[in-house]
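S.K.: I'd like to ask you about the structure that follows.
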Amino acid sequence: PASVTHYASLMSGLPWTCSAHAKDIWTSRDRDLGKRISAAKWVVTCTRAGFEHLRQLSPQPDKVHLSYHGLDLKLFASPDHQRVMRDGSRSEEPVRLLTVCRAVEKKGLDLLIDALAGIEPTCHWHWTHVGTGPLIPQLQQQARRKNIADRITWLGAQPQKQVLDQYRNSELFVLPCRIASDGDRDGLPNAIVEAQSQRLCCLSTDLSGVPELITDGHNGILVPADDCAALLTALEAIIQDPQLRNKMGQRGENRVREQFSNSVSIAYLKQLFETVLVPVKSAS
């Protein structure tokens, strides 16, 4: 899309700008990214990791700007109920785990299934996945091999209201992001921001922009990417500690509502666009 916009700019004489996201940054050639930055009036990206990388590729690093994805906090209003304090000790009351994502390599769902299969039998959980993706049949087969298929629900794609209900009725959000074999990776997944807006404790990895939202041990839990043993240990500990989950969930919501509102990102982007606006000439 940036290439097409660049060509349109050359043909029309109008200035152009673009945004760069995780896949754009980490699977494109640095040389191509540097050319685009040099030609654009400005470029915006959504994580500090991506921001610092792009600045290194351009002789004009001031063209690169950082603006986090903002959440519409009117749509993601604060939940009006307290979560049940389950600790996984009773099979009839498993702790409800949730993941919302496409089933692709960089999300690390195969690692999550391996970790879930390693949890002690006395620690009871149920995991729900929301989303589509090419790896779902493979992941379902993996779950059957690990004998945990009956503890997993695959909901597929869901409308926003149902996704919001899942955030509010779950007790732990898990997304073990990793770097895919082609270099693709997440920036700061929107689903983590959404989950935290609902006071839901989040467990993820210390990759890309995730640590820019989650401070490990304070408003969530971070483990090293592709470390199944660390993920398993963290899962067992937090499943059995509902009070810590609730504390982290509250801190996570506070941070999102203070720093990740879309009103902040919209205001910043408005300022950037105003620097390149071209006055429209009168037809007369």
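In terms of the working numbering, the sequence shown opens at residue -17 and continues consecutively.
Glycine is no exception: its CB is placed at the ideal position from the N, C-alpha and C atoms.
#1: Rounded to whole angstroms, what's the CA-CA distance from D132 to Q232? Just pull it up for me.
#2: How do the region 156 to 167 and the region 189 to 198 stand: do at least 3 beta-carbon pairs fall below 8 Å, yes or no?
#3: I want to know whether the region 213 to 220 touches the region 99 to 108 - three or more CB-CB distances under 8 Å.
#4: Less than 7 Å separating the beta-carbons of D69 and Q222?
#5: Following the continuous beta strand (DSSP E) through H47, name the residue where it begins and the one where it ends.
#6: Identify whether L331 lies in helix, strand or coil by the three-state DSSP scheme.
#7: Taking the straight line between their C-alpha atoms, what separation do you get for E235 and R65?
#8: Put D96 into one of helix, strand or coil per three-state DSSP.
#9: Three-state secondary structure (DSSP) at T(-1)?
#10: Would you call K88 buried or exposed, if buried means 16 or more other Cβ atoms sit within 10 Å of its Cβ?
#11: Contact check, D164 vs T29 under 8 Å by CB: the rounded distance?
#12: Rounded to a whole number of angstroms, what is the C-alpha to C-alpha distance between G115 and L15?
#13: Figure out for me which residue from L154, L213, Q120 and R150 has the closest Cα to the Cα of H108.
#14: For Q178 and R237, which I take to be in contact (beta-carbon distance under 8 Å), what is that distance rounded to the nearest angstrom?
#15: If I follow the unbroken beta strand (DSSP E) through R68, where does it start and stop?
#16: So for V205, helix, strand or coil by DSSP?
#17: Quick one, which of R18, C0 and R11 has its alpha-carbon nearest V26's?
#18: Measuring CB to CB, does H47 end up less than 7 Å from N172?
#19: Which same chain residues, not among the five before or five after I203, have their C-beta less than 8 Å away from its C-beta?
#20: Can you list, in chain order, the residues of its chain with a C-beta nearer than 6 Å to that of Q180? Leave out the 5 residues immediately preceding and following it.
#21: Give a yes or no on whether the minimum CB-CB distance between S73 and chain E is below 7 Å.
#22: Could you check whether S(-9) and Y250 sit closer than 7 Å to each other, using their CB atoms as the reference points?
#23: Anyone know if the C-beta pair for H63 and A21 falls short of 7 Å?
#24: Is DSSP giving R84 helix, strand or coil here?
#25: Quick one: what's got a C-beta closer than 6 Å to L93's C-beta in the same chain, skipping five residues either side?
M.R.: Quick look at the numbers:
#1: Each residue's Cα considered, the two are about 31 Å apart.
#2: yes
#3: yes
#4: The answer is yes: Cβ separation under 7 Å.
#5: V46 to L48
#6: The structure shown has nothing for residue 331, since the chain only spans -17 to 266.
#7: 14 Å
#8: helix
#9: strand
#10: buried
#11: So it is not a contact: roughly 19 Å between Cβ atoms.
#12: 28 Å
#13: L154
#14: 7 Å
#15: That residue, R68, is in no beta strand (DSSP E); it is neither H nor E in DSSP.
#16: Per DSSP, reduced to three states, the secondary structure at V205 is strand.
#17: C0
#18: Against a cut-off of 7 Å, the Cβ pair of N172 and H47 comes out as no contact.
#19: C183, C184, L185, S186, I196, A216, I220 and M230
#20: P61, Y149 and R150
#21: The structure shown contains no chain E; it is built from a single protein chain.
#22: no
#23: Against a cut-off of 7 Å, the Cβ pair of A21 and H63 comes out as no contact.
#24: coil
#25: P158 and C210
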